[in-house]
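Scroll down for the structure; my scribbles are underneath it.
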Amino acid sequence: MAFHRRKSTIWLTAAAAAMALVAGGAAVVAISSSDGAALADGADKSQFVDITKVKPNVKKPKPENDATTGTFTVDCGRNENGHFNPDNFIAQPGVRNGAQHLHDYVGNLSTNADSNNKSLQAAGTTCKNGDKSAYFWPVVRINDGAEEGEGQEQQPPKKDDKAQQEKDKAAKDAARLECPDVASRLSEDVPNGAQAEIDRELANIEKVTDEAEKKLEQTKAQDVNNIIVGPTREKRAAILNRMMLAFSRQGQQAPDLNPAAACAVKEQGKAAALDNGAENNNEAQAEGLENKKNQNNPEENANNELPGNEGEIQRPEVVDLTFRGSPTGKVVAMPKFLRVLYGDAKVSTNGTKNAKDSWTCTGFEDKVLMNKYPICPQGSKVKRIHDFPSCWDGKNIDSANHRDHIVFPDQNGKCKKGFKAVPQLRISLTYNIPREIQQQGRYAVDAFPEEEHNPFSDHDDFANVMSQQIMNRLVNCVNTGKKCRE
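UniProt numbering puts the first residue of the sequence shown at 1, with every later residue one more than the last.
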């Protein structure tokens, strides 16, 4: 199914043109291009389905007695600042246009192909509560059938991100301090009477670590242990001890936080020896792919169009980022810099194992999810729902295939042995697409060229860059049944 217009000479026979006119432009018409490939102009209408004719298929695990029912919603806007790029620093680190389709970003303001933990931590955010996490998904577009540049509302021009690229390169090249995550070591049963103190001390941990990171940039290599590593360990140990005492004062056994005191300095290209899981292998890959940057980096026009993915970008009317609990019990904190994928952008190549049914309409969320584009009834709007995996291996922030370290629970909502339930991220995206556009099959999600806008290739990406404080508040809300919004 092709929604784009190839930038090549096209010969259309009179018969084919007549057939297209008879069909009112709805038929898929095979034509030839200068490269000999068969092209199609218009939508493959078999990919569009009237949702009212689909039987209910949404099944939810039955909550157990100790299910966690709280939610934590983060307001990060709707990408009003026009942060788009065709990169994916999780799956294609260091490769410009590695996604070959455009991503919508909210949260972290710096996210691009060269993003790493240090650059993400140093960046600003669109989230009102200061959450620096990166949330990104492929854009949805409407194709109006016009020639390029005709009748299309101009989107914000692509930002000049050269300054950000230089910052990212400097961040990658410089030595950096890496410290074990603390929030994920806290038990899921932080006493209510200790929450305020724990929250303050987590803020202190962030402050001490940030100050040491900044000082590291001005410290000679031979002085790092004496000036950075030793003093930081002592300060963190004192804070962690106060946190454990906060548990004890409430008559509860404290988790052993002592191993989280020691930090390590990671030099360029060297792995840090941290017991909360090795740094994800993306940066090593990125160094090896440095020479591939910009290899497939076509220029985007004012509409942020890419070959094969053209048309007017649809900004979601509603972007809802909500973390939820587990139907089988309490959740533990996600570690900082955890990478999580939803769906499979290359379902035609990889098969359907990791692909997810993502499409629905407002009013049908609890009834129908499809791998087709929905045609919604009057008054209902197109919606994408992305429920991320939520069973973490308790150690790693990433894995070689970006999936093994965090997986989905079983059909009953239970994590497999050795895995811990973390808050499940649900990203819901609602679009105000005119019903006639839906009926004409003229909206589509950006995709890799070989996917031809297959709705089953819908996907989403998340990197947790929340502060220890925010994550602690999140877990507390979820585990205590509160409905928190920040």
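We treat Cβ as the ideally placed atom computed from N, Cα and C, and that holds for glycine.
Pick from N112, R176, I397 that is closest to R96, judged by C-alpha positions: Out of N112, R176, I397, N112 has the C-alpha closest to the C-alpha of R96.
On the premise that V422 lies in contact with V347, defined as a C-beta separation below 8 Å, what is that separation, rounded to the nearest angstrom? Not quite, the Cβ-Cβ distance comes to about 25 Å (not below 8 Å), so this is no contact.
Write down the C-beta distance between L341 and I142 rounded to the nearest angstrom, noting that I regard them as a contact closer than 8 Å. Actually they do not touch by this definition, with Cβ atoms about 27 Å apart.
Taking a contact to mean a Cβ-Cβ separation below 9 Å, would you say D446 touches L306 in this structure? Contact flag set, yes.
Pull up the CB-CB distance for T68 and G329, whole angstroms please, since I reckon it's below 8 Å. The distance from the Cβ of T68 to that of G329 is about 7 Å, consistent with a contact at the 8 Å cut-off.
Just verifying my parser: in three-state terms, what is the DSSP assignment at T349? Helix, per DSSP.
Counterpart residues of V140 in DSSP-defined beta bridges: Looking at the DSSP output, V140 shares a beta bridge with Q314, V445.
If you pair each beta-carbon of the stretch 229-236 with each one of the stretch 248-265, do three or more pairs fall below 8 Å? Yes: at least three Cβ pairs fall under 8 Å.
Euclidean distance between Cα positions of D104 and S187: Roughly 35 Å between the two C-alpha positions.
Assign T349 to one of two classes, buried (16 or more other C-beta atoms within 10 Å of its C-beta) or exposed (fewer than that). When all chains shown are included, T349 counts as exposed.
Same chain, Cβ closer than 7 Å to S133, five either side skipped, listed in chain order: Taken in chain order, the residues that qualify are G107, N108, F462, A463, N464, V465, M466.
Environment of residue 488 [buried if 16+ CB atoms lie within 10 Å]: With the chain represented from 1 up to 486, any question about residue 488 goes unanswered, as that position is not in the structure.
Please go through the same chain and pick out, in chain order, the residues whose beta-carbon is closer than 6 Å to the beta-carbon of P63, but skip the five residues on each side of it. Closer than 6 Å at Cβ, skipping near neighbours: P327.
Taking 9 Å as the cut-off, decide whether the C-beta atoms of Y431 and K383 are in contact. Cβ atoms of Y431 and K383: closer than 9 Å.
Between T362 and G98, what straight-line distance do the alpha-carbon atoms span, to the nearest angstrom? So the alpha carbons of these two residues sit roughly 32 Å apart.
So the beta strand (DSSP E) residue 487 belongs to, where does it begin and stop? Since the first and last residues shown for the chain are 1 and 486, residue 487 lies out of range.
Roughly how many angstroms lie between the CA atoms of A40 and E213, to the nearest whole one? With a pLDDT of 33 at A40, under the threshold of 50, the modelled position of this residue cannot be trusted; read the value that follows with caution. Rounded to the nearest angstrom, the two C-alpha atoms are 54 Å apart.
Between G251 and C477, what straight-line distance do the alpha-carbon atoms span, to the nearest angstrom? When only Cα atoms are considered, G251 and C477 end up about 22 Å apart.
Alpha-carbon to alpha-carbon, Q222 and G82: Their backbone Cα atoms lie some 44 Å apart in a straight line.
A264, enclosing beta strand (DSSP E) - first and last residue: From DSSP, the beta strand (DSSP E) with A264 extends over 264-266.
For N412, which residues of its own chain have a beta-carbon under 6 Å away from its beta-carbon, when the five flanking residues on both sides are left out? Hits under 6 Å: P61.
Rounding to the nearest angstrom, what Cα-Cα distance links Q100 and D387 in this structure? Whole-angstrom Cα-Cα distance: 24 Å.
Taking only three categories from DSSP, how would you classify G343? In this structure, G343 counts as strand in the three-state DSSP scheme.
Under the three-state reduction of DSSP, which class applies to F408: helix, strand or coil? For F408, the three-state secondary structure derived from DSSP is coil.
When the Cα of F337 is compared with those of S358, D199, H453, N396, which residue comes out closest? Comparing Cα positions, the closest option is N396.
Enumerate in chain order the residues of its own chain whose CB-to-CB distance from R185 is below 7 Å, with the five nearest sequence positions on each side excluded. Excluding positions up to five away in sequence, the list reads P255, L257, A260.
Three-state secondary structure (DSSP) at E178? Of the three classes helix, strand and coil, the one that applies to E178 here is strand, per DSSP.
Let's see if you can read the secondary structure: which residues bound the beta strand (DSSP E) around C484? Annotation for C484: the continuous beta strand (DSSP E) segment containing it runs 483-485.
Do W137 and D404 count as a contact pair if the criterion is CB distance below 9 Å? Cβ atoms of D404 and W137: not closer than 9 Å.
Just the Cα atoms here: how many angstroms apart are T126 and G77? Cα-Cα distance, rounded: 6 Å.
In its own chain, which residues sit with a C-beta less than 7 Å from the C-beta of S399, not counting the 5 before and 5 after it? Here the set comprises H405.
Among residues of its own chain, excluding the 5 on either side of D366, which ones have a beta-carbon nearer than 7 Å to its beta-carbon? These residues qualify, in order along the chain: V58.
A345, buried or exposed, once every other Cβ within 10 Å from all chains shown has been counted against 16: Looking at its Cβ environment, which holds 16 or more other Cβ atoms inside 10 Å, A345 is buried.
Give the straight-line distance between the Cα atoms of E201 and K416, rounded to the nearest whole angstrom. The alpha-carbon atoms of E201 and K416 are separated by roughly 32 Å.
Give a yes or no on whether the C-beta atoms belonging to N371 and F456 are separated by under 9 Å. Against a cut-off of 9 Å, the Cβ pair of F456 and N371 comes out as a contact.
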